[in-house]
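Below is one structure, written out as structure tokens, with a few remarks after it.
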Amino acid sequence: MTDSTVVLDVQHVSRTFGGLKAVSDVAMFIRQGELVGLIGPNGAGKTTLFNLLTGVYEPSEGKILFNGESVGGLKPYQITQKGAARTFQNIRLFGDLSVLDNVKVAYHQHTKHSVWSSILRLPSHFKGEQEITEKAIEFLKIFKLDGKQNELAKNLPYGEQRRLEIARALAARPKLLLLDEPAAGMNPQETHDLMELIQWIRKEFDLTILLIEHDMSLVMGVCERIYVLDRGILIADGTPSEIRSNPKVIEAYLGQEV
Numbered sequence: 001m002t003d004s005t006v007v008l009d010v011q012h013v014s015r016t017f018g019g020l021k022a023v024s025d026v027a028m029f030i031r032q033g034e035l036v037g038l039i040g041p042n043g044a045g046k047t048t049l050f051n052l053l054t055g056v057y058e059p060s061e062g063k064i065l066f067n068g069e070s071v072g073g074l075k076p077y078q079i080t081q082k083g084a085a086r087t088f089q090n091i092r093l094f095g096d097l098s099v100l101d102n103v104k105v106a107y108h109q110h111t112k113h114s115v116w117s118s119i120l121r122l123p124s125h126f127k128g129e130q131e132i133t134e135k136a137i138e139f140l141k142i143f144k145l146d147g148k149q150n151e152l153a154k155n156l157p158y159g160e161q162r163r164l165e166i167a168r169a170l171a172a173r174p175k176l177l178l179l180d181e182p183a184a185g186m187n188p189q190e191t192h193d194l195m196e197l198i199q200w201i202r203k204e205f206d207l208t209i210l211l212i213e214h215d216m217s218l219v220m221g222v223c224e225r226i227y228v229l230d231r232g233i234l235i236a237d238g239t240p241s242e243i244r245s246n247p248k249v250i251e252a253y254l255g256q257e258v
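As numbered in the UniProt record's numbering, residues 1 to 258 make up the sequence shown, in order.
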């Protein structure tokens, strides 16, 4: 696409593992400020597509453009530096680090003091570390985790671990936030709170968000547009009301023609 507001442009992307096409000829886009959903039955290829977008895998075919620049072949940390951050379907916190240190890790790519100042323990090192600590604590306050900043991440309840992972992703200062099943394992109240949190951080941080989720109440409640994958193929896209009544989507989920 040539639209200057397009943050993410996926151009006919495929990924093959051996003789299996896990993702086949997927084309999609996300404009700046949009909150877009990606849904589909188990095994549809959603997480594989996320891994392609974030550099875990390289496309076998097609291009992925972020702010008009191809990111194919870049490593995950390089894509993060360009402004795309993600969470994972299976939580990937640093369990033996404190809650505070998990957020500080994401800030270090933006540090102004040099490696040598850290090695030599110069004043600029301590000043920089203090600034990072203060900013990390601000994020923990947003997610109501500042009271547990010194606890090990692995000791947090499941819902708080999810919030911590989102806080860590936001600390990387992304322009595009990719959330991989953030409501997985949450009860209805936690899911409702998460829905409000996603809407709030989108507005507060001026974010563009792509969301994978199985909880349809969450997807339909927050997303403006939705893409649907089935067996690696994009079968539908549209507004929540259009997707809800789409025969191909119903067939994919229920396994029968409508």
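Just so it is clear, CB atoms sit at the ideal spot from N, CA and C, and this is done for glycine as well. From a predicted model like this one, the values you see are computed outputs, not experimental measurements.
Nearest to Arg-168 by alpha-carbon distance, out of Glu-190, Ile-142, Gly-147 and Met-195, is Ile-142. By the CB criterion at 7 Å, Lys-104 and Ala-136 fall inside the cutoff.
The Cβ neighbour count for Glu-204, taken over all protein chains shown within 10 Å, is under 16; the residue is labelled exposed.
Separation of the CB atoms of Val-23 and Thr-48 is rounded to 5 Å, and the pair is thereby assigned contact status at 8 Å.
Within the region 39–122, the runs of alpha helix (DSSP H) at least 4 residues long that lie entirely inside it are, in chain order, 46–53, 76–81, 99–107 and 115–119. For the alpha helix (DSSP H) assignment, the uninterrupted runs of no fewer than 4 residues enclosed by the region 125–191 are, from N- to C-terminal side, 158–171. As the crow flies, the alpha-carbon of Ala-84 is around 33 Å from that of Glu-251.
Our two residues, Glu-224 and Lys-82, have alpha carbons roughly 25 Å apart in a direct line.
If you look at Arg-31, you'll find it in the beta strand (DSSP E) that goes 20–31. At the C-beta level, Gly-55 and Leu-229 stay beyond 7 Å of one another. When the Cα atoms are used, Leu-152 and Asp-96 turn out to be separated by approximately 6 Å.
By the neighbour-count definition (other C-beta atoms within 10 Å, threshold 16), Gly-232 is a buried residue. Gly-45 is classed as buried because its beta carbon has at least 16 other beta carbons within 10 Å across all chains shown. Its Cα nearest to that of Thr-239, the residue Val-222 stands out among Val-222, Gln-189 and Tyr-253.
Residue state for Ser-245 is assigned as coil, using DSSP reduced to three classes. By the neighbour-count criterion, in which a residue is buried when 16 or more other Cβ atoms sit within 10 angstroms of its Cβ, Leu-170 is buried.
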